[in-house]
Amino acid sequence: MKNRTLVIAALLIILFTGCSTNNALTSPKIIQTKAASSPKVILLVVDSLMDKPLKKAIKEHKAPALEFFLTNGQYSKELVSSYPTMSVTIDSTLLTGTNPDKHKIPGLVWYKEDEKRVISYGNGFLETLKYGVTDVADNSLYQFNNKHLSKDVKTIHEELDDRGKQTASINALIYRGNDLHTLMVPKILAKTTSLPDKYKTNGPKILTLGDFINQDPKNKHVINRLGLNDAFAAQELTYLLKNNLLPEFTILYLPENDHAVHRKGTETIDGIEKLDKHLQEILNTYPKWDDALENTIWIIMGDGNQSDVIKDKKKALIDLRDALSEYKQVKLGDSAQKNNEIAITANERMAYIYKINKGISIKKIANKLQTDPRIAWIAWKEDDMVNVISESRKGILQFKPGGPYKDRYHRSWAIKGNMDILDVKADSRKQLSYGNYPDGLTRLYGAIHSQKGDFLIADAEPGYEFIGESSPEHSGGGAHGSMHKVDAYAPLIVTGTEHPIGQLRIVDMKRWILDILDEGNMHD
């Protein structure tokens, strides 16, 4: 989501705006689609694309490109996101086909126990200043893909390369692949931080990451966020199209709609209008828009929803520093000291609270937070069970994998206690159904086992947001992060294939795309 922009340092040293104007594309050299032996897949990830504003923009004739894809494809508004519903975790789930218990990216901000420090990939201007621009940029540019993302899982780029298929990543935060690349740190950034001049990193055959590495030498859309913007990404894709360079699979990330929703709330269509103009540029690469559908499967998806945060800051913002003021907390930018007891990492509408001193009780912290009605529930792990309590529901819910209960996603569970805490129902055959928290047991289990250490998760009720020291806040605007369905559902548009996805979850997307490409090979 807005946090997907990798180097917040750009905020300190360059202007936010000032993208160069797009020139009309003339005499394009189109891919020879009819001569291709198997379909190509283009996956467009639109940050915070949501059903209602999408439909509104189309109804008001302000999104002709999205309307074109929707008219020529299949549509769902209930693609279940990962948890937390923060971009780095969602991206990791999308590209690896696993939840955080496997890919090990817990959230945008989290505490790394073995290093005794908080990891941030860029969570707002002030917070980044306190963590240190160099540290945040290094986490995003190098550590995320090369160190933090588990080596025990494969990205779709790695897996397709193993099968002899080429892939491309355009401005996606997670891009790990089998090919060695060099990220060139822009001079203005290298000179104002202690970042190296360049990074060696592993990515797909074709890798674009703003001004750090790109394909089109004439791409000048770098002033806005060092090229980590929609105009830059769209021009990179048109360059691949015009020069017959499109590989079997391409992922392109478009971030700017998210920025608009954070500022203006969930009703705005401003970001969608701007996005659609870039999609029109891509479609205009073809002689006719219909030609774009020939032998190309287009997948356009949101990564999760945003929900409105109430305007009254005193009510809307849950300040965890105040709630847990009796504990000595790790300060932003500092490593944990011997006298520190807890670390707080707020990920908008969810938060991790870490116990870093053996002398305190994690249950006591949970009971303290339970008194706030703005917090929907608090969860922690104890032995092999996940424990969940709530202010609005009595008792405790405990669950773990394996047992007599089964859900629609073919997972079995052992469950004790009050299932109403997570709005889970069981029928007489012990078949589970989910209400406000789609795929809630798997998603929470994944987050609670995403990292080492003793910690708990707090998840906010709709309308509220967590803050810590210098956290960004969105009162009167939109936010995400929680497991609730108001943050969890995303729209999905698919053209050119009837291949069933099985389950409408982001964690299933990788397997589905691999199956589509395998199916294409069988028809060669």
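All residue numbers for the sequence shown refer to our numbering, where the first residue is 736 and numbers rise by one. Every residue gets a Cβ at the ideal spot worked out from N, C-alpha and C, and that includes glycine.
- Runs of the alpha helix (DSSP H) spanning 4 or more residues and lying entirely within the stretch 895 to 956 occur at 922 to 925, in chain order.
- Within the same chain, and ignoring the five residues on either side of leucine 987 in sequence, the residues whose Cβ sits closer than 6 Å to its Cβ are Leu779, Ile905, Ala968, Leu972.
- 8 Å or more divides the Cβ of phenylalanine 879 from the Cβ of methionine 919.
- A direct Cα-to-Cα measurement between serine 1147 and serine 817 gives close to 19 Å.
- Within the stretch 1180 to 1240, the complete alpha helix (DSSP H) segments at least 4 residues long are 1220 to 1223, listed from N- to C-terminus.
- Residue environment: glycine 1137 is assigned as exposed (fewer than 16 neighbouring CB atoms within 10 Å of its CB, all protein chains considered).
- Put simply, the stretch 1199 to 1208 does not touch the stretch 1115 to 1127. Fewer than three CB pairs are less than 8 Å apart.
- Relative to glutamine 1072, the option among Asp870, Glu802, Lys851 whose CA is nearest is Lys851.
- When the beta-carbon positions are compared, proline 1226 and leucine 814 come within less than 8 Å of each other.
- According to the DSSP assignment, aspartate 1054 belongs to the beta strand (DSSP E) that extends over 1052 to 1054.
- In the three-state DSSP reduction, isoleucine 986 falls in the strand class (E or B).
- Its chain contains Glu1076 as the residues whose beta carbon lies nearer than 6 Å to that of isoleucine 1095, once the 5 sequence neighbours on both sides are disregarded; these appear in chain order.
- With a contact defined as Cβ atoms closer than 8 Å, lysine 837 and valine 776 miss out at about 23 Å.
- Secondary structure at alanine 1149: strand, using DSSP grouped into helix, strand and coil.
- Judged by beta-carbon spacing, methionine 1218 lies beyond the 8 Å limit of leucine 1167, meaning their Cβ atoms are not closer than that value.
- Per the coordinates, the alpha-carbon of alanine 800 lies some 11 Å from the alpha-carbon of isoleucine 1035.
- Residue pairing of glycine 1037 in beta bridges, as defined by DSSP: Val781.
- Note that the stretch 1087 to 1107 touches the stretch 1058 to 1067; at least 3 beta-carbon pairs, one per stretch, sit closer than 8 Å.
- Below 8 Å, too few C-beta pairs join the stretch 944 to 961 and the stretch 864 to 871 to call them touching: fewer than three.
- Distance from the Cα of lysine 1165 is smallest, within the candidate group Gln1186, Arg1143, Thr936, for Arg1143.
- DSSP places glycine 1006 in the uninterrupted alpha helix (DSSP H) bounded by 1005 to 1018.
- Our two residues, alanine 1111 and alanine 1195, have alpha carbons roughly 5 Å apart in a direct line.
- Just measuring C-alpha positions, the residue of Lys1141, Asp1222, Gly1170 sitting nearest asparagine 1040 is Asp1222.
- In the displayed model, proline 1173 falls within coil according to three-state DSSP, outside both helix and strand.
- Comparing alpha carbon positions, the residue from Ile1007, Val781, Lys865 closest to proline 990 is Val781.
- The shortest C-alpha to C-alpha distance from threonine 917 to any of Ile923, Leu876, Ser1185 is the one to Leu876.
- By alpha-carbon distance to lysine 1187, the top candidate from Lys865, Asp1038, Asp1162, Ile840 is Ile840.
- The stretch 925 to 933 makes no contact with the stretch 1008 to 1019, as fewer than three CB pairs between them are under 8 Å.
- By the criterion of a C-beta distance shorter than 6 Å, glycine 1181 is surrounded in its chain by Asn834, Pro835, Asp836, once the five residues flanking it on both sides are discounted.
- DSSP lists Val1121, Ile1150 as the beta-bridge partner residues of phenylalanine 1134.
- If you look at arginine 852, you'll find it in the beta strand (DSSP E) that goes 852 to 855.
- Cβ contact annotation for arginine 1109 (same chain, cutoff 7 Å, sequence separation greater than five): Ile1053, Ala1195, Glu1196, Tyr1199, in chain order.
- Using a 10 angstroms sphere on the CB of glutamine 970, the tally of other CB atoms reaches 16 or more, which defines it as buried.
- According to the DSSP assignment, leucine 814 belongs to the beta strand (DSSP E) that extends over 809 to 815.
- In the DSSP assignment, threonine 1080 falls within the unbroken beta strand (DSSP E) covering 1077 to 1082.
- Counting C-beta atoms within 10 angstroms of its own C-beta, glycine 938 has 16 or more neighbours from the protein chains shown and is therefore classed as buried.
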